[in-house]
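As given, the protein sequences belong to chains Z and B, one line each in that order.
Each residue of the first sequence is one higher than the one before, counting from 8 in the working numbering.
Each residue of the second sequence is one higher than the one before, counting from 232 in the working numbering.
Single-structure report; data block below.
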Amino acid sequence: MLKSKTFLKKTRAGGVMKIVREHYLRDDIGCGAPGCATCGGAHEGPALEPQPQDPASSLCPQPHYLLPDTNVLLHQIDVLEDPAIRNVIVLQTVLQEVRNRSAPVYKRIRDVTNNQEKHFYTFTNEHHRETYVEQEQGENANDRNDRAIRVAAKWYNEHLKKMSADNQLQVIFITNDRKNKEKAIEEGIPAFTCEEYVKSLTANPELIDRLACLSEEENEIESGKIIFSEHLPLSKLQQGIKSGTYLQGTFRASRENYLEATVWIHGDNEENKEVILQGLKHLNRAIHEDIVAVELLAKSQWVAPSSVVLHDEGQNEEDVEKEEERERMLKTAVSEKMLKPTGRVVGIIKRNWRPYCGMLSKSDIKESRRHLFTPADKRIPRIRIETRQASTLEGRRIIVAIDGWPRNSRYPNGHFVRNLGDVGEKETETEVLLLEHDVPHQPFSQAVLSFLPKMPWSITEKDMKNREDLRHLCICSVDPPGCTDIDDALHCRELENGNLEVGVHIADVSHFIRPGNALDQESARRGTTVYLCEKRIDMVPELLSSNLCSLKCDVDRLAFSCIWEMNHNAEILKTKFTKSVINSKASLTYAEAQLRIDSANMNDDITTSLRGLNKLAKILKKGRIEKGALTLSSPEVRFHMDSETHDPIDLQTKELRETNSMVEEFMLLANISVAKKIHEEFSEHALLRKHPAPPPSNYEILVKAARSRNLEIKTDTAKSLAESLDRAESPTFPYLNTLLRILATRCMMQAVYFCSGMDNDFYHYGLASPIYTHFTSPIRRYADVIVHRLLAVAVGADCTYPELTDKHKLADICKNLNFRHKMAQYAQRASVAFHTQIPSLKIEDTVFHVFDKVKVKIMLDSSNLQHQKIRMSLVEPQIPGISIPTDTSNMDLNGPKKKKMKLGK
Amino acid sequence: MAGLELLSDQGYRVDGRRAGELRKIQARMGVFAQADGSAYIEQGNTKALAVVYGPHEIRGSRARALPDRALVNCQYSSATFSTGERKRRRHGDRKSCEMGLQLRQTFEAAILTQLHPRSQIDIYVQVLQADGGTYAACVNAATLAVLDAGIPMRDFVCACSAGFVDGTALADLSHVEEAAGGPQLALALLPASGQIALLEMDARLHEDHLERVLEAAAQAARDVHTLLDRVVRQHVREASILLGD
Chain Z
8 MLKSKTFLKK TRAGGVMKIV REHYLRDDIG CGAPGCATCG GAHEGPALEP QPQDPASSLC
68 PQPHYLLPDT NVLLHQIDVL EDPAIRNVIV LQTVLQEVRN RSAPVYKRIR DVTNNQEKHF
128 YTFTNEHHRE TYVEQEQGEN ANDRNDRAIR VAAKWYNEHL KKMSADNQLQ VIFITNDRKN
188 KEKAIEEGIP AFTCEEYVKS LTANPELIDR LACLSEEENE IESGKIIFSE HLPLSKLQQG
248 IKSGTYLQGT FRASRENYLE ATVWIHGDNE ENKEVILQGL KHLNRAIHED IVAVELLAKS
308 QWVAPSSVVL HDEGQNEEDV EKEEERERML KTAVSEKMLK PTGRVVGIIK RNWRPYCGML
368 SKSDIKESRR HLFTPADKRI PRIRIETRQA STLEGRRIIV AIDGWPRNSR YPNGHFVRNL
428 GDVGEKETET EVLLLEHDVP HQPFSQAVLS FLPKMPWSIT EKDMKNREDL RHLCICSVDP
488 PGCTDIDDAL HCRELENGNL EVGVHIADVS HFIRPGNALD QESARRGTTV YLCEKRIDMV
548 PELLSSNLCS LKCDVDRLAF SCIWEMNHNA EILKTKFTKS VINSKASLTY AEAQLRIDSA
608 NMNDDITTSL RGLNKLAKIL KKGRIEKGAL TLSSPEVRFH MDSETHDPID LQTKELRETN
668 SMVEEFMLLA NISVAKKIHE EFSEHALLRK HPAPPPSNYE ILVKAARSRN LEIKTDTAKS
728 LAESLDRAES PTFPYLNTLL RILATRCMMQ AVYFCSGMDN DFYHYGLASP IYTHFTSPIR
788 RYADVIVHRL LAVAVGADCT YPELTDKHKL ADICKNLNFR HKMAQYAQRA SVAFHTQIPS
848 LKIEDTVFHV FDKVKVKIML DSSNLQHQKI RMSLVEPQIP GISIPTDTSN MDLNGPKKKK
908 MKLGK
Chain B
232 MAGLELLSDQ GYRVDGRRAG ELRKIQARMG VFAQADGSAY IEQGNTKALA VVYGPHEIRG
292 SRARALPDRA LVNCQYSSAT FSTGERKRRR HGDRKSCEMG LQLRQTFEAA ILTQLHPRSQ
352 IDIYVQVLQA DGGTYAACVN AATLAVLDAG IPMRDFVCAC SAGFVDGTAL ADLSHVEEAA
412 GGPQLALALL PASGQIALLE MDARLHEDHL ERVLEAAAQA ARDVHTLLDR VVRQHVREAS
472 ILLGD
C-alpha cells in the first residue's frame, strides 16, 4: 500500500519548496511474539518471550509486555536497563524521537535491544499497514506521535487476542503524561505511569530508587523559594552568541572551591579565553563539562581567582544566607592586576551529564528518604537522591545519575543507579577509578571471544604463506620482570660482508585480529591496555595477550619483523619489513641482560647478540641527542611498601639501566622506519604520531625555577633546551637536574595520533624526528594494530579492507585512541595515588628534598573518607604566617603541587 | 539533531522498503499518436516520458550518416517543475548533455543499428518529476518507447541504481537517499544475456564492496525487466484486441 507524504518547506533562500515523499505501508511486519500465527515467522532477531513470567506486578498479574512512550524511554532508561525489566516493545516512532533528542540514550536503548536476554523488540509501526496514522488538520507532531503510539498499543492488544481465544497476554502502555494516559484508558488500553508500574513490582523493590524523579511540580509546593535565575531558551542564547553579548564555552568547576568555576571560551579570540564565575547564583546550576553561555559582568564587578579552599559541607537548604557570607569572604581585596574577566551563566547550551561515582551522606533525620550524595570528583556538586535503602548504602560507593536541577533547589536532583561495594575495598576503589576515567573494563563478551583461535593452536601451512621462516635466528626478548605480554624481541648478527643485521620482531597481532569482527571492534573501543597497580585491563583477551601473541621463549610465534642491514657506525644500509615466524631463544629481564653484557666470561650467541645491539644503541642514542631529542624525567617517585604491614619503607626513583635504553633505541628506530614506509605507501591515510612543539609561554615556570638557582635554560629549540638542561647542574644538590627535567616534562604538549591525510605537521618534538608512529606494542595499543595492517598491505603480506583507506574513519579511530590513552594515563596515576594513600602513613617528620630544602611535617587527614589527604606543614624555613603552627594547606600526594607551592614564594 | 537514518536496525529504509526492494513501477506504452513510439513510466515519484522517431533519413547534415549502421540521437530534458525547487535550465546544459550521451551509449549497445544503415533514430526523453534514479527511469521509458516503435533490439535494456549504506547495498535509491551522499551506481543491463550496456559511478567505493553493490543493481534491473515485460505483453494484447484479431 502506498501513501504519499506531502509537505511544504521553506528553503534557505527563502522560497517555498514542496516536498513529496513516498511512504510505503507493509503487511509483512511481525509483532515480535513468537508463535503468532498471523505474522508467522515474519520477525527476526531477538524477540519477545511467548509467556513472560516476570516481573510479578500487583497491578497486572497476567503475563504482559510493556510499551513505553518516548519520555519514559528518555528519562527512565536506568530502570529499563535493569535485568528485571524484560519483554518491552519499542515502537519505531518512539525510537526515532529518542534518536532526535538524545544520542546517548539512543545508543543505550540499542545496546539493550541487542541483548538477547532482555527480550526487547522494535516494532516498525510507522510502516505497518494497520498502525500508521496520518497527521490530522490542526494536530501538532507531538500529538500525532502520541496518537500513533496509542494506536500501536491498541493494535497490539487486539492482535494478541486474535492469537488464541484464551490468551491472557496483554500489552501495557507506560506513560508519564497524564492526558495521554487518560486517553489511552478511554480507548481501552491498560496504561500506567512508570512510577505506578515500578512500585507495583513486588519482587523488585530496589527498582524504585532507580526511578528518575521528575515531578517538579511537587517540589515547587514544598519550597517556594527560588534561588537561581532562569536559564534563557536556546534560541535567545544563539542570538546572543551571534551578536557577541554572550560567550559560549565549556564550564569547568574548580576542584578547590565549590563556589568558583572557569569557562573556557570556544573560538579563536585569544584574549578572553577564560572567564571566571564566582558564587552560586552566577554559576547558575551549571555542572562541570557542560557547554554554557555566559554574560560578562561590568569591569567594576570583576574578581580575582580566590586562593581559599572551600568545600561544600552544608546539609540543609536554608543555608543560602550563610553561603552568601562565604561568597563575600572570597572577595578579599586584591590588586587591579589580578582581576580577571568575570561573568555569570545565563543558559545551558548542552548538558554533559554522566553517571557519577561517590558516596551517600545520610540525612540527619532518621526516617528521611531524601539524602545527599557526594561525588568522588570534587568538581561535581552534591546531588539529592531519594532512596529507602540509605542505611545499606551508607559507607558504600554508589553511582548516581542527575535528572535535573530545578530553580528552587540548592542541589540537583538525581536517582540511584548502582551499588559498587564498600569504601576502601581495593576492588570497589578500582571499579570507581575505572568508571570515573571511562575505561571499558567489562569481561570480554562471548561474541568477542568467538573470534579467538581454537586451542590447541599451531602454525599451519596457510599461515606460512607470505611469511619468512626466521626460526633459526638467535632472537631474544628483554622486558621488565614479571611481564607476560611480550610484544617485542630483538636479534643482531654479523653478515658475511662484515655489516651487521639487526632485527626487531613484533608480535603479529593483526594476524589474529581480523578487521571488522567483534574482537577488532572491542579492541578498537578499548584502544589500549591499562596498567593499574595490581591489575591489568587488557585490550585483547588474555589468550592472545599472554599466550599466542606473546613472544615467549622456545615456542614458535608469528611476528612482524623489521630487519636492517647496518654498518658498524649504525648507519642503515637496507631496511626490510616482512611477516615471519620466530622462535625466541631467551626471555630476559633488563637486569639479566645487563648481567650478560657485563660479565666477561659469557660468550654464547645471545650474549654476543646483546653486546652488538648495545653497541649500536649507544651510537644511535648519541646521534639522536645530537639532533635535539629530549631526555626528560617523569617523577617516578614511589613509596616502597613493606609487603606485610603495608607501611612505606622507602622512597625510590625508577632505576634505569643501559639495557632499558638499548631496547628503547631499537623500538624508536623501528617506529621511525615503519612510519616512513607507511607514509610513503599511504600518503593520505597513514596513522602517525606527532608531538607538537610547546608554545614558549609553557616554559615560563621552568625558566623561572632555574633562574632562582642562577641557571639559564634556553627554550628556543629542542636542541638548545636539551643542552641547557644538561648543563644545569648544581654541585651541592645533585637531584636538582632530575627535578628540572621533571618540570620540563610538565611544560610539554601531549603527543597525539593523527591521520596523515588530515594534517600537515608531522614533527615529533620530543624525539626530534620528522615522522613517527607506533608499531612496536600491538598487544597493548590499538594504534599499532592499524599500523601493522597498513604495513602488511604495503609489503604485500595482507589484503586491504575498506575502512583502512578511509581517512575519516581513521581520524575517528585516532580521536578515540587519543582519548583512551589520556584516560588510561589518568587512571594509572590515580591508581598509584590510591595505593600509596590507603595504608596509614607513618613517616611523620621525614625530610623530603624537593626544590628548595624545606622541612615539612606530614600527617594523614582521613576525616573525609573519599578524599584522604596528606597535610603538610612547613617547619623550616620559618615564614611567618605559613609555617607551623598556622599552616594548613592541603596537599595531595602528587609531586608537582609541592613544587608549585615552593615556587610561589 | 541527528541525521536521517537511511537503514534502520530492523532493515527498513526511510520510505519503508527493504534493502533490495524497488519502488512501485507503473508504465504505459503508446501514449502519443503522432510519434513512432512512445512510453510513460513512473518509478515511485520519478516520472519520465520517452518518444522515439525513426528510423528515418538523416536530418540536417548528411555527413553525419554512418555507412554501416543507424545513427542514434538521444536528447534529454527535465521539466522546470520536476524538482522540489523550480529551476529554469538552459537547453543543452551540461547535465542534459551528459545524460543524452549516456542514453546514446546505452541504446547503441541495445538497438540492432546495423539493420538500418545511413539512417537515424531519435530518442527524446523528458523527466516530469525527479525523485532519484532519473537515469534509470529514462532508460526504462526509452526501452518501452523503442519497443513501441518496433525497432529491433537485442534485448530489453533495464536500468536501476544502487547505493551503499553501512555495509548494505540498497537498490533503487530515492532522492532522499541520493542526497544523503555516499556512493551511487547506475547500471543498464541486457537481462537475457547479463551483458552490461552502461555502468556509471562517480563516488569512491572500496573495491571489496563493488561486487555486492553491482549484484544488487543487477538483481534490481532483472526485477525491472520482469515488470516491463508484463507491460509490453499487456500492451500487445490490448493492441491485438483493437485490431480485431
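Every residue, glycine too, gets a C-beta built ideally from N, C-alpha and C.
Computed from a prediction, not measured in an experiment: that's the story for all the values here.
Closest by C-alpha distance to residue i, when choosing among the options
i: Phe826/Z; options: Leu602/Z, Val537/Z and Thr467/Z; result: Val537/Z
i: Asp515/Z; options: Lys683/Z, Gln142/Z and Val547/Z; result: Val547/Z
i: Phe338/B; options: Ala376/B, Ser309/B and Arg319/B; result: Ala376/B
i: Met24/Z; options: Arg317/B, Thr365/B and Arg325/B; result: Arg317/B
i: Gly630/Z; options: Leu98/Z, Ile820/Z and Leu774/Z; result: Leu774/Z
i: Pro463/Z; options: Trp271/Z, Cys540/Z, Asn554/Z and Ala40/Z; result: Asn554/Z
i: Leu359/B; options: Gln465/B, Gln274/B, Arg435/B and Ala266/B; result: Gln274/B
i: Leu675/Z; options: Leu497/Z, Arg262/Z, Ala700/Z and Leu746/Z; result: Leu497/Z
i: Thr394/Z; options: Ile283/Z, Ala525/Z and Ala219/Z; result: Ala219/Z
i: Gly394/B; options: Gln415/B, Gly381/B, Thr374/B and Pro383/B; result: Gln415/B
Buried versus exposed, by CB contacts within 10 Å (16 or more), residue i
i: Asn767/Z; result: exposed
i: Asp481/B; result: Outside the shown range of chain B (232 to 476) lies residue 481/B, about which nothing can therefore be said.
i: Leu328/B; result: Residue identity differs from the one stated: residue 328/B is Cys in this sequence, not Leu. So Cys328/B ends up on the exposed side.
i: His322/B; result: exposed
i: His287/B; result: exposed
i: Thr724/Z; result: exposed
i: Cys806/Z; result: exposed
i: Trp309/Z; result: buried
Pairwise C-alpha distance: residue j and residue i
i: His692/Z; j: Val792/Z; result: 14 Å
i: His575/Z; j: Ser616/Z; result: 14 Å
i: Ser557/Z; j: Ile513/Z; result: 9 Å
i: Leu459/B; j: Gly398/B; result: 30 Å
i: Arg521/Z; j: Leu346/Z; result: 57 Å
i: Arg254/B; j: Met432/B; result: 21 Å
i: Asn610/Z; j: Leu602/Z; result: 12 Å
i: Asp362/B; j: Glu104/Z; result: 26 Å
i: Asn211/Z; j: Leu87/Z; result: 13 Å
i: Thr100/Z; j: Gly364/B; result: 28 Å
i: Ile405/Z; j: Val430/Z; result: 9 Å
i: Val439/Z; j: Tyr265/Z; result: 22 Å
i: Asn291/Z; j: Asp184/Z; result: 29 Å
i: Phe584/Z; j: Ile685/Z; result: 11 Å
i: Asn667/Z; j: Phe458/Z; result: 35 Å
i: Leu74/Z; j: Phe423/Z; result: 24 Å
i: Ile272/B; j: Glu137/Z; result: 30 Å
i: Leu102/Z; j: Gln142/Z; result: 18 Å
i: Asp478/B; j: Ala341/B; result: Coverage of chain B is limited to positions 232 through 476, which leaves residue 478/B absent and any answer about it impossible.
i: Ala367/B; j: Met330/B; result: 11 Å
i: Asp733/Z; j: Gly534/Z; result: 36 Å
- prompt: Does the segment 105-119 of chain Z come close enough to the segment 138-157 of chain Z to have 3 or more Cβ pairs within less than 8 Å?
  reply: no
- prompt: Would you call the segment 470-490 of chain Z and the segment 584-594 of chain Z touching, i.e. three or more CB-CB distances under 8 Å?
  reply: yes
message: Could you check whether the segment 778-790 of chain Z touches the segment 681-695 of chain Z, counting it as contact only if at least three pairs of C-beta atoms, one from each stretch, sit closer than 8 Å?
response: yes
query: Counting pairs of Cβ atoms below 8 Å between the segment 402-419 of chain B and the segment 291-299 of chain B, do you hit three or more?
result: no
query: Do the segment 412-432 of chain B and the segment 384-394 of chain B touch if we need at least three Cβ pairs shorter than 8 Å?
result: yes
Inter-stretch contact at 8 Å, needing at least 3 Cβ pairs: the segment 789-804 of chain Z / the segment 678-687 of chain Z: yes
- prompt: Do the segment 719-735 of chain Z and the segment 798-806 of chain Z make contact, defined as three or more Cβ pairs closer than 8 Å?
  reply: no
query: Along the segment 19-39 of chain Z, what residues have a CB closer than 7 Å to any CB found in chain B?
result: Gly22, Met24, Lys25, Ile26, Val27, Arg28, Glu29, His30, Tyr31, Leu32 and Arg33
query: Closer than 7 Å, Cβ to any Cβ of chain B: which residues of the segment 133-150 of chain Z, in chain order?
result: His134
message: Can you pull out the residues from the segment 250-277 of chain B whose beta carbon lies closer than 7 Å to at least one beta carbon of chain Z?
response: Arg254, Lys255, Gly275 and Asn276
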